[in-house]
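**Student:** The structure is given below, and queries will be raised subsequently.
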Amino acid sequence: MMMKSKIIKTFAFAALAGASTSYSMAAEFSFDRPGAGFGTGITPVGRLAWEQGLPSAAYQESTDAAGLKSKNLTLNGDMLLRTGLAQGLELQLGWQGPAWSKTKAGGRSMEEDGLGDVSIGLKKAIDLDDEQLSMAILAEAVLATGNDGFSNEDDIYSLSSAVAYNYSDLLQTSITMRYEVQNSDWAVSAIPTIEYKIAGKLSGYSEFVFRKAESEDQEYSLGTGLMYAVNERMQLDASVGVDLNGKDKGYQSGLGVSYLF
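According to mature numbering (1 follows the signal peptide of the UniProt record, and there is no 0), the residues represented by the sequence shown are -26 to -1, 1 to 235, in order.
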C-alpha cells in the first residue's frame, strides 16, 4: 500500500507541475476518441465533454499448447467524461461500462456479462511556445472495480505524454508515450499517429501501437478510423484495429459519439 501511495503522489505532482505555465499556445479543444493515443487539447473550464462507445468490440482467436482453439468476442460500452478544472488542466472520469462476452472452445459456448473498471485522471497542457507544436501529460489510475472476467484484476497507475505537430489544417502527426505499473510490474507503450482531413467535416487517423510489458513478449497493433464533425460540439467516429502478435488473431472495432456541453 505504501508503494502505491508513493506512485499516486508522484503522478499527481507530475500532472500538476508547471500549473503556472501560460496556456496561450496550447492546442484547441479536441475529443480523445477514437484511438489508443490521446490529444493535446484541454476541455475548457466549466464545460463537460462526454465521449461514449456505441459499443466497442474485441475479437480474439488463440490456440493453446495442446492445440485447442478458442474464440472470444467482447462488447462494452466504454465512457469518458472530461471537464476543465483550470486553464490548461482537466479532470477525467472513465468507465469501461457494461460488457458482454461469448467464448467458444472445444465445441462448447459460454456467455458472460458484467461491469468494467473505472478510471480517474488529470490531464495538463504544457506550453512549448510554438504555434504548431503542442504537448499534454496525463496521470491516470484505473481501479479494478469491475466484475470477474471484465476487470484488470489489479489497479493500474500510468503516466502518459502526448506531443502533436500541426503541419497544416489538413495534416497532423503526434506520438503518445505511456508508462504504467500494475502490481509492481512495469510496461511501456509508444503510439505514433497521423491525422488527416479527408473532405468537409470528415477526417481520419492511422496509428501504430507498440507495447512491452515486464516479462512479456513485445506486442504490436495497427489501427485506423474516421471522425465526422456534426458541428463544433458533436463528433461521430468509427474505428478498426488488428493485432500483429504471431499466430494468435486479434481484432478491435468501435463506434462512438462525443459531445461537448
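Even glycine gets a Cβ: it sits at the ideal position worked out from N, Cα and C.
Between the alpha carbons of S132 and A115, how many angstroms are there, rounded?
**Tutor:** 6 angstroms
**Student:** Are L59 and L67 close, meaning C-beta to C-beta below 9 angstroms?
**Tutor:** no
**Student:** Just the Cα atoms here: how many angstroms apart are L42 and E154?
**Tutor:** 32 angstroms
**Student:** In the region 121 to 195, which residue ranges form an unbroken beta strand (DSSP E) of at least 3 residues, counting only runs that do not cross its ends?
**Tutor:** DSSP runs (the beta strand (DSSP E)) wholly in the region 121 to 195: 130 to 140, 145 to 156, 159 to 173, 176 to 187.
**Student:** What is the rounded straight-line gap between the Cα of E2 and the Cα of G90?
**Tutor:** 31 angstroms
**Student:** Return the residue from the list N126, S232, L218 that minimises the CA-CA distance to N157.
**Tutor:** Per the Cα distances, N126.
**Student:** Quick check: the Cα distance between Y202 and E25, rounded to an integer number of angstroms?
**Tutor:** 14 angstroms
**Student:** Given a cut-off of 9 angstroms on the beta-carbon distance, is the pair L200 and G178 in contact?
**Tutor:** yes
**Student:** Measure the alpha-carbon distance for T(-6) versus L234 and round it to whole angstroms.
**Tutor:** Note that T(-6) has pLDDT 36, beneath the 50 cutoff, so the model's placement of it is unreliable and no number is given.
**Student:** Decide if R207 is buried, meaning its Cβ has at least 16 other Cβ atoms within 10 Å, or exposed.
**Tutor:** exposed
**Student:** Do you know how far the Cα of M109 is from the Cα of T167?
**Tutor:** Each residue's Cα considered, the two are about 14 angstroms apart.
**Student:** Take Y181 as the anchor and find which of M53, E169, Q106, S189 has the nearest alpha-carbon.
**Tutor:** In the sequence under discussion, the amino acid at residue 181 is Glu, which differs from the Tyr named in the question. Cα-wise, what sits closest to E181 is E169.
**Student:** Just how far apart, CA to CA, sit V204 and V92?
**Tutor:** If I take the Cα positions, the gap works out to 29 angstroms.
**Student:** What's the gap between the Cα of F124 and the Cα of Q106?
**Tutor:** Rounded to whole angstroms, the gap between the alpha carbons of F124 and Q106 is 40 angstroms.
**Student:** Within the continuous beta strand (DSSP E) that includes D91, where are the two ends?
**Tutor:** No beta strand (DSSP E) holds D91; DSSP gives it neither H nor E.
**Student:** Can you give me the C-alpha to C-alpha distance between A73 and T48, rounded to a whole angstrom?
**Tutor:** Approximately 7 angstroms, taken between the alpha carbons.
**Student:** By alpha-carbon positions, which one of M84, S83, E190, G95 ends up nearest to W69?
**Tutor:** Nearest C-alpha to W69 among M84, S83, E190, G95: G95.
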